[in-house]
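Here the structure is laid out as structure tokens; the discussion comes afterwards.
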Amino acid sequence: MFCFRNQINLHQQHCPKKAVECPVKGCKRIMMREDYNRHISVAAGSHYNLQSAEIQQLRRTIHDKVKNVAFSY
Ligand SMILES: [Zn+2]
Ligand SMILES: [Zn+2]
0 MFCFRNQINL HQQHCPKKAV ECPVKGCKRI MMREDYNRHI SVAAGSHYNL QSAEIQQLRR
60 TIHDKVKNVA FSY
């Protein structure tokens with residue numbers, strides 16, 4: 000992949016070699032954009048675990064908030 004100087008900004012937005020961070024919380028994996036789709040399929044299992052752990056934590060937080068509200072009345 001050639002990066003022409005006069006197109007560099009435009010190119011970097013689409014460059015397959017650009018580093019991107021995995022959007023899944025807790026994964027924090029940084030990879031080249033061209034590897035992103037592969038990472039998503041390879042890491043699907045661990046992403047699922049990370050996301051369900053996050054959902055459980057969210058539920059617990061909401062539950063605690065509701066409990067606190069109930070106690071304050
Ligand atoms: Zn490039
Ligand atoms: Zn990931």
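Here the sequence shown stands for residues 0 to 72, numbered as in numbering that gives the first Met the number 0.
By construction, the Cβ of each residue, glycine as well, lies at the ideal position given by its N, Cα and C atoms.
Any chance the CB of C14 is under 7 angstroms from a heavy atom of ligand 1? Within the cutoff, so yes.
Should H46 be counted as a contact of ligand 1 given a C-beta to heavy atom distance under 7 angstroms? In this structure, H46 has its CB at a distance of at least 7 angstroms from all heavy atoms of ligand 1.
Taking 7 angstroms as the cut-off, is the C-beta of H10 nearer than that to any heavy atom in ligand 1? Correct: H10 has its Cβ closer than 7 angstroms to ligand 1.
Considering only the beta carbon of each residue, do Q50 and V23 sit closer than 8 angstroms? Yes, Cβ-Cβ distance for Q50 and V23 is below 8 angstroms.
Under 7 angstroms Cβ to Cβ from I7, same chain only, skipping five residues before and after it: list those, please. So no residue of the chain qualifies.
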